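Residue numbers (full-length UniProt numbering): 1 to 168. Structure first, commentary second.
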Amino acid sequence: MPLGLEDKKAIVAEVSETAGQALSVVVANSRGVDVGAMTALRKKARDNGVQLRVVRNTLARRALQGTSWECLNETFVGPSLLAFSLEHPGAGARLLRDFAREQPKFEVKALAYEGELIDAADIDRLASLPTYDEAIAKLMSVMKEASAGKLVRTLAALRDQKQGEEAA
C-alpha cells in the first residue's frame, strides 16, 4: 500500500526523534523469520529499553540525515530493521546478537555507537558493555577489595611498629 507524503513525513519525523534519543543503533535483516519469533523479539525489546522499527530505506536515510547515525546509510539495502537502544548502549546489540543465534535467517548488518560505524562481526564489542547496575557492582567490589587490602596493610604496619618498640 503506497504511503502518502504526509505519512512519509510523519514516519521520518518519528524515526528522527527516536534517533536523537538513541545511545546506539543496530541495523538487521529479519527476512525469513516467522511472526511468532518477531513478536517475542519485540516484547523483549520493549522490556530492555530498545525500540524496533521497520522503515523503508529511503525514509530511514532521510530520518538519520544530519545525526550521528548517518554512517549507517550504506547499510540500508534490502529489508532493514532498526533497533534504537534508548536506555543502555549495548542493549540493542545484545538483544539482536542473542536473537540471531536462535534464528539462523536473522542477520545483523551493522551497528553504530557515538557516530562510529561498527561491522556486524564486531557486535560483541558493543553487546559486552556492562549495564549500569553491573558496572556499579564491579566498582563496589573493587572498592571493597581495595579497602580490605588497606586495612590489612595498616594492621601489619601497627604490628611491625609494636614489635619494633618491644625490641628497643
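For glycine and all other residues, C-beta sits at the position ideal for the given N, C-alpha and C. Quantities reported herein were computed from a predicted structural model and do not represent experimental measurements.
Item                                                                                                                                                            : Value
Please list the segments of the beta strand (DSSP E) lying wholly inside the segment 36-94, counting only runs of 3 or more residues, in order along the chain. : 50-54 and 81-85
Taking buried to mean at least 16 other C-beta atoms within 10 Å of its own C-beta, is Gln51 buried or exposed?                                                 : buried
Can Ala37 be considered in contact with the ligand FAD, in the sense that its beta carbon sits closer than 6 Å to one or more heavy atoms?                      : With respect to the ligand FAD, the structure offers nothing, as it holds no ligand at all.
Using only alpha-carbon positions, find the residue among Ala112, Glu107, Ala63 and Glu165 that is nearest to Ile11.                                            : Ala63
So is Glu102 buried or exposed if we call it buried at 16+ other beta carbons inside 10 Å?                                                                      : exposed
Taking the beta strand (DSSP E) that Lys109 belongs to, which residues open and close that run?                                                                 : Glu107 to Tyr113
Going by beta-carbon coordinates alone, are Phe106 and Val55 separated by less than 7 Å?                                                                        : no
Is it buried or exposed, Thr75, if we count other Cβ atoms within 10 angstroms and call 16 or more buried?                                                      : buried
Taking one C-beta from the segment 118-125 and one from the segment 38-46 each time, how about it: are there three or more such pairs within less than 8 Å?     : no
In three-state DSSP terms, what is Asp7?                                                                                                                        : helix
Check for me: the beta strand (DSSP E) holding Asp119 runs from which residue to which?                                                                         : Glu116 to Asp119
Would Asn29 and Gly92 qualify as a contact pair, given that the criterion is a beta-carbon distance under 7 Å?                                                  : no
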